[in-house]
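Student: Counting along the sequence shown from 1, when you hit position 207 you're at 207 in full-length UniProt numbering, and nothing is skipped either side. All residues carry an ideal CB built from backbone N, CA and C; glycine is no exception.
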Amino acid sequence: MKAEQLPLDLEHRPARGREDFLVAPANEHAVALIDRWPDWSDAVLALAGAPGTGKTHLAEVWRTRSGARRIEAAKLTKKDVPELAKAGAVIVEDGESLQGEGLPALFHLINLVRETKGFLLLTGKEPPARWPVSLPDLSSRLKAVPCAEIGAPDDALLSALMIKLFDDRQLAVPAPVIAYLVPRMERSFAALSVLVEALDRASLAGKRPLTVPLAAEILKKREESAL
(Lines of atoms letter the chains of each structure in order from A; the text may use other names.)
(Lines give C-alpha, C1' and ligand atoms only; values in the text may rest on other atoms or scores of the structure.)
Protein backbone atom coordinates (compact mmCIF):
# COMPACT_ATOMS: atom_id res chain seq x y z
CA MET A 1 0.00 0.00 0.00
CA LYS A 2 1.10 3.52 -0.76
CA ALA A 3 1.95 5.37 2.44
CA GLU A 4 0.02 8.59 2.99
CA GLN A 5 1.35 11.66 4.74
CA LEU A 6 -0.84 12.92 7.55
CA PRO A 7 -1.72 16.54 6.71
CA LEU A 8 -1.21 18.86 9.67
CA ASP A 9 -3.98 21.31 10.54
CA LEU A 10 -1.80 24.40 10.19
CA GLU A 11 -3.77 27.57 9.66
CA HIS A 12 -2.84 29.44 6.48
CA ARG A 13 -3.07 33.23 6.41
CA PRO A 14 -5.14 34.57 3.51
CA ALA A 15 -3.99 37.76 1.80
CA ARG A 16 -6.25 40.57 3.05
CA GLY A 17 -4.91 43.69 1.32
CA ARG A 18 -6.97 45.79 -1.10
CA GLU A 19 -4.61 44.79 -3.90
CA ASP A 20 -5.45 41.13 -3.21
CA PHE A 21 -9.19 41.61 -3.72
CA LEU A 22 -10.46 40.47 -7.11
CA VAL A 23 -12.86 42.96 -8.69
CA ALA A 24 -15.65 41.68 -10.95
CA PRO A 25 -19.21 42.71 -11.84
CA ALA A 26 -20.49 40.70 -8.84
CA ASN A 27 -18.61 42.84 -6.32
CA GLU A 28 -17.58 46.09 -8.02
CA HIS A 29 -20.28 48.13 -6.23
CA ALA A 30 -19.03 46.90 -2.84
CA VAL A 31 -15.40 47.60 -3.75
CA ALA A 32 -16.30 51.10 -4.92
CA LEU A 33 -18.10 51.72 -1.62
CA ILE A 34 -15.00 50.83 0.39
CA ASP A 35 -12.65 52.74 -1.91
CA ARG A 36 -14.85 55.86 -1.66
CA TRP A 37 -14.35 56.24 2.11
CA PRO A 38 -14.36 58.73 3.82
CA ASP A 39 -16.57 60.33 1.15
CA TRP A 40 -19.52 58.06 1.92
CA SER A 41 -23.07 59.10 1.16
CA ASP A 42 -24.05 58.21 4.73
CA ALA A 43 -22.33 57.64 8.07
CA VAL A 44 -23.73 54.09 8.12
CA LEU A 45 -23.28 51.69 5.18
CA ALA A 46 -23.57 47.93 4.74
CA LEU A 47 -22.09 45.03 2.79
CA ALA A 48 -24.27 41.99 2.11
CA GLY A 49 -23.61 38.65 0.46
CA ALA A 50 -23.46 34.90 0.94
CA PRO A 51 -20.65 33.40 3.07
CA GLY A 52 -17.30 33.57 1.34
CA THR A 53 -18.17 36.43 -1.00
CA GLY A 54 -15.46 38.70 0.42
CA LYS A 55 -17.37 40.76 3.00
CA THR A 56 -14.81 40.04 5.71
CA HIS A 57 -11.96 40.79 3.32
CA LEU A 58 -13.41 44.16 2.33
CA ALA A 59 -14.29 44.98 5.95
CA GLU A 60 -10.68 44.23 6.90
CA VAL A 61 -9.43 46.50 4.10
CA TRP A 62 -11.62 49.27 5.49
CA ARG A 63 -10.56 48.55 9.08
CA THR A 64 -6.90 48.91 8.07
CA ARG A 65 -7.58 52.23 6.34
CA SER A 66 -9.93 53.72 8.93
CA GLY A 67 -8.59 52.25 12.19
CA ALA A 68 -12.08 50.91 12.88
CA ARG A 69 -13.00 48.83 15.92
CA ARG A 70 -14.63 45.51 15.03
CA ILE A 71 -17.28 43.50 16.89
CA GLU A 72 -19.58 40.61 16.02
CA ALA A 73 -23.25 41.48 16.22
CA ALA A 74 -23.96 38.53 18.54
CA LYS A 75 -21.53 39.98 21.12
CA LEU A 76 -22.70 43.59 21.00
CA THR A 77 -24.01 45.04 24.30
CA LYS A 78 -25.05 48.50 25.48
CA LYS A 79 -21.88 48.93 27.49
CA ASP A 80 -19.79 48.53 24.32
CA VAL A 81 -21.46 51.44 22.52
CA PRO A 82 -19.59 54.49 23.97
CA GLU A 83 -16.16 52.93 23.53
CA LEU A 84 -16.91 51.73 20.00
CA ALA A 85 -18.25 55.11 18.90
CA LYS A 86 -15.21 56.83 20.42
CA ALA A 87 -13.01 55.05 17.84
CA GLY A 88 -14.63 57.11 15.08
CA ALA A 89 -15.10 54.03 12.87
CA VAL A 90 -16.83 50.74 13.73
CA ILE A 91 -17.53 47.42 12.03
CA VAL A 92 -20.44 45.25 13.19
CA GLU A 93 -20.29 41.87 11.46
CA ASP A 94 -22.90 39.15 10.86
CA GLY A 95 -25.87 41.40 11.54
CA GLU A 96 -28.41 38.59 11.39
CA SER A 97 -26.97 37.27 14.67
CA LEU A 98 -28.18 40.34 16.60
CA GLN A 99 -30.10 39.28 19.68
CA GLY A 100 -31.38 40.49 23.03
CA GLU A 101 -29.45 43.48 24.32
CA GLY A 102 -27.68 43.77 20.97
CA LEU A 103 -30.82 45.19 19.34
CA PRO A 104 -31.10 48.41 21.39
CA ALA A 105 -27.29 48.54 21.50
CA LEU A 106 -27.07 48.77 17.71
CA PHE A 107 -29.83 51.37 17.68
CA HIS A 108 -27.86 53.55 20.12
CA LEU A 109 -24.60 52.90 18.24
CA ILE A 110 -26.12 54.12 14.97
CA ASN A 111 -27.39 57.27 16.67
CA LEU A 112 -24.10 57.95 18.45
CA VAL A 113 -22.01 57.40 15.33
CA ARG A 114 -24.15 59.92 13.48
CA GLU A 115 -23.97 62.44 16.35
CA THR A 116 -20.19 62.19 16.57
CA LYS A 117 -19.72 62.25 12.78
CA GLY A 118 -18.15 58.81 12.79
CA PHE A 119 -18.62 55.84 10.46
CA LEU A 120 -20.29 52.46 10.85
CA LEU A 121 -19.96 49.49 8.49
CA LEU A 122 -22.46 46.65 8.86
CA THR A 123 -22.11 43.22 7.24
CA GLY A 124 -24.55 40.36 6.82
CA LYS A 125 -25.77 37.64 4.51
CA GLU A 126 -28.76 39.84 3.68
CA PRO A 127 -29.11 43.65 3.53
CA PRO A 128 -29.95 45.20 6.93
CA ALA A 129 -33.51 45.93 5.77
CA ARG A 130 -34.13 42.16 5.74
CA TRP A 131 -32.61 41.32 9.12
CA PRO A 132 -35.04 39.72 11.61
CA VAL A 133 -35.27 42.72 13.94
CA SER A 134 -38.09 42.99 16.47
CA LEU A 135 -37.26 46.51 17.69
CA PRO A 136 -39.33 48.95 15.57
CA ASP A 137 -36.99 51.94 15.97
CA LEU A 138 -33.96 49.87 14.94
CA SER A 139 -35.88 48.30 12.07
CA SER A 140 -36.67 51.72 10.62
CA ARG A 141 -33.00 52.76 10.94
CA LEU A 142 -31.80 49.63 9.19
CA LYS A 143 -34.26 49.99 6.31
CA ALA A 144 -32.65 53.34 5.52
CA VAL A 145 -29.05 52.05 5.48
CA PRO A 146 -27.46 52.11 1.99
CA CYS A 147 -26.19 48.64 1.12
CA ALA A 148 -23.88 47.12 -1.50
CA GLU A 149 -24.82 43.51 -2.26
CA ILE A 150 -22.18 41.09 -3.52
CA GLY A 151 -23.67 38.76 -6.11
CA ALA A 152 -22.95 35.25 -7.33
CA PRO A 153 -19.60 34.74 -9.08
CA ASP A 154 -19.19 34.17 -12.83
CA ASP A 155 -16.65 31.75 -14.36
CA ALA A 156 -13.94 34.39 -14.66
CA LEU A 157 -14.23 35.38 -11.00
CA LEU A 158 -14.35 31.76 -9.79
CA SER A 159 -11.22 30.99 -11.80
CA ALA A 160 -9.35 34.03 -10.51
CA LEU A 161 -10.42 33.38 -6.93
CA MET A 162 -9.36 29.74 -7.17
CA ILE A 163 -5.89 30.87 -8.21
CA LYS A 164 -5.81 33.32 -5.29
CA LEU A 165 -6.93 30.71 -2.74
CA PHE A 166 -4.25 28.30 -3.90
CA ASP A 167 -1.72 31.15 -3.90
CA ASP A 168 -2.69 31.92 -0.28
CA ARG A 169 -1.61 28.34 0.44
CA GLN A 170 1.59 28.83 -1.57
CA LEU A 171 0.45 26.37 -4.22
CA ALA A 172 0.49 26.80 -7.99
CA VAL A 173 -2.57 25.28 -9.67
CA PRO A 174 -2.24 24.22 -13.35
CA ALA A 175 -4.63 25.88 -15.79
CA PRO A 176 -6.21 22.54 -16.89
CA VAL A 177 -7.24 21.86 -13.29
CA ILE A 178 -9.05 25.22 -13.09
CA ALA A 179 -10.68 24.67 -16.47
CA TYR A 180 -11.91 21.26 -15.29
CA LEU A 181 -13.22 22.37 -11.88
CA VAL A 182 -15.02 25.65 -12.60
CA PRO A 183 -17.87 24.30 -14.78
CA ARG A 184 -18.38 21.26 -12.53
CA MET A 185 -18.23 22.69 -9.01
CA GLU A 186 -21.01 24.18 -6.88
CA ARG A 187 -21.15 27.82 -7.89
CA SER A 188 -20.51 29.63 -4.64
CA PHE A 189 -17.56 31.23 -2.90
CA ALA A 190 -18.06 29.06 0.17
CA ALA A 191 -17.99 25.84 -1.90
CA LEU A 192 -14.86 27.01 -3.68
CA SER A 193 -13.04 27.56 -0.39
CA VAL A 194 -13.98 24.06 0.84
CA LEU A 195 -12.95 22.53 -2.49
CA VAL A 196 -9.54 24.21 -2.48
CA GLU A 197 -8.91 23.01 1.07
CA ALA A 198 -9.91 19.44 0.13
CA LEU A 199 -7.58 19.45 -2.88
CA ASP A 200 -4.73 20.84 -0.80
CA ARG A 201 -5.17 18.18 1.88
CA ALA A 202 -5.51 15.34 -0.65
CA SER A 203 -2.41 16.47 -2.50
CA LEU A 204 -0.40 16.64 0.72
CA ALA A 205 -1.71 13.40 2.19
CA GLY A 206 -1.01 11.36 -0.95
CA LYS A 207 2.08 13.33 -1.99
CA ARG A 208 0.33 13.88 -5.32
CA PRO A 209 0.53 16.91 -7.61
CA LEU A 210 -2.55 18.98 -8.35
CA THR A 211 -3.87 17.30 -11.50
CA VAL A 212 -7.19 16.85 -13.31
CA PRO A 213 -7.49 13.19 -12.11
CA LEU A 214 -7.03 14.32 -8.50
CA ALA A 215 -9.58 17.10 -9.02
CA ALA A 216 -12.06 14.59 -10.50
CA GLU A 217 -11.51 12.27 -7.55
CA ILE A 218 -12.19 15.01 -5.00
CA LEU A 219 -15.30 16.21 -6.82
CA LYS A 220 -16.65 12.64 -6.93
CA LYS A 221 -16.04 12.17 -3.20
CA ARG A 222 -17.84 15.45 -2.43
CA GLU A 223 -20.80 14.44 -4.60
CA GLU A 224 -21.02 11.03 -2.92
CA SER A 225 -20.84 12.55 0.57
CA ALA A 226 -23.70 14.89 -0.33
CA LEU A 227 -26.03 12.01 -1.21
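(1) For Thr-53, count the other beta carbons within 10 Å of its own beta carbon; 16 or more makes it buried, fewer makes it exposed. Which is it?
(2) Look at the Cβ atom of Gly-102, then the Cβ atom of Leu-84, and state whether they are nearer than 9 Å.
(3) Measure how close the beta-carbons of Glu-96 and Glu-126 come, nearest whole angstrom, since I'm counting them as under 8 Å.
(4) Helix, strand or coil: how does DSSP classify Phe-166 here?
(5) Expressed to the nearest angstrom, what Euclidean distance is found between the alpha-carbon atoms of Leu-120 and Pro-38?
(6) Would you tell me roughly how many angstroms separate the C-alpha atoms of Lys-55 and Asp-154, rounded to the nearest one?
(7) Pick from Pro-146, Val-81, Gln-99 and Ile-110: whose alpha carbon is nearest that of Ala-30?
(8) Give me the Cα-Cα distance between Lys-220 and Gly-118, rounded to the nearest whole angstrom.
(9) Please report the straight-line C-alpha distance between Val-44 and Met-162, rounded to a whole angstrom.
(10) Determine the direct distance from the alpha carbon of His-108 to that of Ala-190, and round the result to whole angstroms.
(11) If we count the other Cβ atoms within 10 Å of its Cβ and call it buried at 16 or more, is Thr-123 buried or exposed?
(12) Name the residue from Trp-131, Arg-130 and Pro-82 whose alpha carbon lies nearest to the alpha carbon of Ile-110.
(13) In terms of DSSP beta bridges, what is Ile-91 paired with?
(14) For Val-61, which option in Ala-89, Pro-51 and Asp-42 has the closest C-alpha, if you only look at C-alpha atoms?
(15) Classify Ala-59: buried if its beta carbon has 16 or more other beta carbons within 10 angstroms, exposed otherwise.
(16) Residues in the same chain with beta-carbon distance under 6 Å from Pro-209, minus the five sequence neighbours each way, listed in chain order, please.
(17) At the level of alpha carbons, what is the spacing between Ala-172 and Phe-166?
Tutor: Put simply:
(1) buried
(2) no
(3) 7 Å
(4) helix
(5) 11 Å
(6) 17 Å
(7) Pro-146
(8) 50 Å
(9) 32 Å
(10) 33 Å
(11) buried
(12) Pro-82
(13) Arg-70 and Leu-121
(14) Ala-89
(15) buried
(16) none
(17) 6 Å
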